[in-house]
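Structure first, then comments.
Protein chains: 2
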Amino acid sequence: MVVCKKWILAKAFSGHPDSSNFRMETEELPDQLKEGEVLCEAIFLSVDPYMRLFPVPPGSVMMGEQVARISKSENQNFPVGTIVQSMLGWRTHTIVSDPSKLNKVPDLGDLPKSLALGAMGMPGMTAYFGFLEACCPKNGETVFVNAAAGAVGNIVGQIAKIKGCKVVGSAGSEQKCKWLKEGLGFDEVFNYKTTPLEKALKDHAPQGVDCFFDNVGGEETTNVLKHMNKCGRAAICGSISQYNKEEKDKGELPYGPMLMNMLRVKGIQGWHHVQKWPEGLKQMLLWIKEGKMKYKETVTEGFDNMVSAFIGLFSGQNIGKAIIKV
Amino acid sequence: MVVCKKWILAKAFSGHPDSSNFRMETEELPDQLKEGEVLCEAIFLSVDPYMRLFPVPPGSVMMGEQVARISKSENQNFPVGTIVQSMLGWRTHTIVSDPSKLNKVPDLGDLPKSLALGAMGMPGMTAYFGFLEACCPKNGETVFVNAAAGAVGNIVGQIAKIKGCKVVGSAGSEQKCKWLKEGLGFDEVFNYKTTPLEKALKDHAPQGVDCFFDNVGGEETTNVLKHMNKCGRAAICGSISQYNKEEKDKGELPYGPMLMNMLRVKGIQGWHHVQKWPEGLKQMLLWIKEGKMKYKETVTEGFDNMVSAFIGLFSGQNIGKAIIKV
Numbered sequence: 005m006v007v008c009k010k011w012i013l014a015k016a017f018s019g020h021p022d023s024s025n026f027r028m029e030t031e032e033l034p035d036q037l038k039e040g041e042v043l044c045e046a047i048f049l050s051v052d053p054y055m056r057l058f059p060v061p062p063g064s065v066m067m068g069e070q071v072a073r074i075s076k077s078e079n080q081n082f083p084v085g086t087i088v089q090s091m092l093g094w095r096t097h098t099i100v101s102d103p104s105k106l107n108k109v110p111d112l113g114d115l116p117k118s119l120a121l122g123a124m125g126m127p128g129m130t131a132y133f134g135f136l137e138a139c140c141p142k143n144g145e146t147v148f149v150n151a152a153a154g155a156v157g158n159i160v161g162q163i164a165k166i167k168g169c170k171v172v173g174s175a176g177s178e179q180k181c182k183w184l185k186e187g188l189g190f191d192e193v194f195n196y197k198t199t200p201l202e203k204a205l206k207d208h209a210p211q212g213v214d215c216f217f218d219n220v221g222g223e224e225t226t227n228v229l230k231h232m233n234k235c236g237r238a239a240i241c242g243s244i245s246q247y248n249k250e251e252k253d254k255g256e257l258p259y260g261p262m263l264m265n266m267l268r269v270k271g272i273q274g275w276h277h278v279q280k281w282p283e284g285l286k287q288m289l290l291w292i293k294e295g296k297m298k299y300k301e302t303v304t305e306g307f308d309n310m311v312s313a314f315i316g317l318f319s320g321q322n323i324g325k326a327i328i329k330v
Numbered sequence: 005m006v007v008c009k010k011w012i013l014a015k016a017f018s019g020h021p022d023s024s025n026f027r028m029e030t031e032e033l034p035d036q037l038k039e040g041e042v043l044c045e046a047i048f049l050s051v052d053p054y055m056r057l058f059p060v061p062p063g064s065v066m067m068g069e070q071v072a073r074i075s076k077s078e079n080q081n082f083p084v085g086t087i088v089q090s091m092l093g094w095r096t097h098t099i100v101s102d103p104s105k106l107n108k109v110p111d112l113g114d115l116p117k118s119l120a121l122g123a124m125g126m127p128g129m130t131a132y133f134g135f136l137e138a139c140c141p142k143n144g145e146t147v148f149v150n151a152a153a154g155a156v157g158n159i160v161g162q163i164a165k166i167k168g169c170k171v172v173g174s175a176g177s178e179q180k181c182k183w184l185k186e187g188l189g190f191d192e193v194f195n196y197k198t199t200p201l202e203k204a205l206k207d208h209a210p211q212g213v214d215c216f217f218d219n220v221g222g223e224e225t226t227n228v229l230k231h232m233n234k235c236g237r238a239a240i241c242g243s244i245s246q247y248n249k250e251e252k253d254k255g256e257l258p259y260g261p262m263l264m265n266m267l268r269v270k271g272i273q274g275w276h277h278v279q280k281w282p283e284g285l286k287q288m289l290l291w292i293k294e295g296k297m298k299y300k301e302t303v304t305e306g307f308d309n310m311v312s313a314f315i316g317l318f319s320g321q322n323i324g325k326a327i328i329k330v
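Chains as they are written, first to last, in this note's numbering: chain B, 5 to 330; chain R, 5 to 330.
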């Protein structure tokens, strides 16, 4: 008998997530699979801020992606040992009756399979397609990325460097700033907790911002838009400053600055381009192998600690991608 | 001797423009032109809301476009009688030393030459390029235009009809609404002074808005964005609700709705596409001649009445394009 552990959303989020929002349950899965079925055993699970924004109904298993190993199979297309990535939720074991919905993880060689939850998965593809299509960065332009040490932001900054841009990033600790500048080659970085945004942009992007990749939202977004150059492009990828607020920030509306400088601002989601992921994954893997794209993971050991890893996202505990190792 | 009348911005705008912002002056122009010069005599002048947004320095002649007749010429490329359109400001007579900056008005046949300030000029090209490039309307989609009886809005609605869209428009009087629906073929119209926006959009665009062409700004813009469909496109063309406010509206920020529905919002300005105007003007003239594009002008007689025509823009006095006939 296989016993699956799973995290349930015990009550709807309200304000900052805490442990009372979750409860763990176990579920006994049948030993016998039916024709076509496979049993997936989670190896790595992902926690991402979007899970606060698109929560499941209370009482359901939390949604989310995992990298799993097929440990039993009645489907010849998915033999035992196959490594897949899929939106199976916060659970250790899952019987999948239609494995065609599972994504086989490509051969990553010596690279960790958890990359399929980071640079080689949703955050990477959000950065790749979202940044390139919404921001259209050109050689020599100035790019500003906030929450730049996060799972998506650090990849955006690295793509911008590859595209020949000057990259300015903000993050919430000296350690993160150091990694962005020394580890990833960002041109300018600042700690948003110690430097006011307006001063930082004047100092680090005196020529104005051409491309803005926004993970933060709220009034910060408007203030960056006001610092953008004519015909600048912005991608709205996340609003982590807002997710835990019951009353969203009110503030000066951005339509005046958008009109004066003919800005283009676009909301983006990683899954929207899923049909084109293979192309993006191929490029990303090449960049990683060439050493042009570096990655960092903050790994939490143990499925039981998944909730604290999730909660930690909102206080900036992670550097790079937050991963749970079962 | 030629005496030119001109309107000076006497003091910077603050709040709603009134007659104290302006003074009339006269200027004596030399009788003798130099080699290459021409004398332009205004026939029609334009007043547009943008003049409140991009004002000239106090003490200068107000900026703006006019249609003028060359009444003296020392330039063989611009003989007497040539009709031109140019940004010559609020003045009756102008000596132009570099006529290459003047735009010759194409042969409009029996159509009024004032169209070069409306459908065949800046408002028309703002509608044409701004709407098509920022909103990318597709056959069968729902388009919402506010201030739809204004110089730009009415043209946007008509282009949207030509492109096979369902068009919903708002305006500030029953007379304007009637013109939009019965005169121009808008599918749905409402009077924003008597119908709250949210109710109006629910009633007239229950399927959601795919393309939004915004002339109004402020909280109305956010509220329309919240009613848009996935991957909707918005053009921010004007913010007439805001121009006369010293304190701009604050309100709920739009980044959440933009992210959830992957909206694309772009600020647009008519002059930005000036290199491509010939293509747009050709199409517009064809539509006018085919009867697919109708036009309406609110004509104020007399250069002396130009200020009151300008002030009237902000209380919605004009239907269609506001024109001053000298």
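C-beta atoms are modelled at their ideal positions from N, C-alpha and C, and glycine is treated no differently.
In this text, all values refer to a predicted model and were calculated from it rather than measured experimentally.
Beta-bridge annotation (DSSP): residue 33(B) is paired with 6(B). With a threshold of 8 Å between beta carbons, residue 149(R) makes no contact with chain B. Counting C-beta atoms within 10 angstroms of its own C-beta, residue 283(R) has fewer than 16 neighbours from the protein chains shown and is therefore classed as exposed. Residue 22(R) and residue 184(B) have their C-alpha atoms some 54 Å from each other. Within the region 263-280 of chain R, the residues whose Cβ lies closer than 8 Å to some Cβ of chain B are 263, 264, 265, 266, 267, 268, 269, 270, 271, 272, 273, 276, listed in chain order. Counted as a single uninterrupted DSSP element, the beta strand (DSSP E) harbouring residue 97(B) occupies residues 97-100. The three-state reading of DSSP puts residue 263(B) in helix, counting H, G and I together. Residue 299(B) is positioned such that its CB atom lies no closer than 8 Å to that of residue 121(B). With a threshold of 8 Å between beta carbons, residue 179(R) makes no contact with chain B.
Excluding sequence positions up to five before and after residue 288(R), its CB lies within less than 7 Å of the CB of 123, 124, 128, 132, 297, all in the same chain and listed in chain order.
Contacts between residue 249(R) and chain B, judged by CB atoms closer than 7 Å, are missing: the closest CB pair is about 10 Å apart. Taken in chain order, the members of the region 115-146 of chain R whose beta-carbon sits within less than 9 Å of a beta-carbon on chain B are 138. The three-state reading of DSSP puts residue 309(R) in helix, counting H, G and I together. Within 7 Å of the CB of residue 256(B), the CB atoms of chain R belong to 252, 254, in sequence order along the chain. Residue burial is scored here from C-beta neighbours: residue 34(R) has fewer than 16 other C-beta atoms within 10 angstroms and is therefore classed as exposed. One alpha carbon belongs to residue 226(B), the other to residue 258(B), and they sit about 6 Å apart. Neighbours of residue 328(B) in chain R, taken as residues at a C-beta separation under 8 Å, are lacking, since the least C-beta distance is about 25 Å. Contacts between residue 64(R) and chain B, judged by CB atoms closer than 7 Å, are missing: the closest CB pair is about 20 Å apart. By the beta-carbon neighbour count (other beta carbons within 10 angstroms, threshold 16), residue 89(B) is buried. With distances taken between CA atoms, residue 181(R) lies nearest to 152(R) out of 229(R), 37(R), 152(R). Under the DSSP assignment, residue 158(B) falls in the alpha helix (DSSP H) whose first and last residues are 157-166. One thing to note: residue 304(B) has its Cβ no nearer than 8 Å to the Cβ of residue 324(B).
Non-local beta-carbon contacts of residue 62(B) in its own chain, meaning distances under 7 Å to residues more than five positions away in sequence, involve 13, 14, 15, 16 in chain order.
Counting only residues of its own chain and dropping the five nearest sequence neighbours on each side, residue 228(R) has a CB closer than 8 Å to the CB of 148, 150, 201, 205, 213, 216, 218, 238. Nearest neighbour of residue 234(R) by Cα position, chosen from 272(B), 155(B), 174(B), turns out to be 272(B). Taking C-beta separations shorter than 6 Å and ignoring five residues to either side along the sequence, the partners of residue 231(R) in its chain run 205, 213, following chain order.
For residue 108(R), the secondary structure class from DSSP, reduced to helix, strand or coil, is strand. Within a 10 Å sphere around the beta-carbon of residue 192(B) sit 16 or more other beta-carbons, which makes this residue buried.
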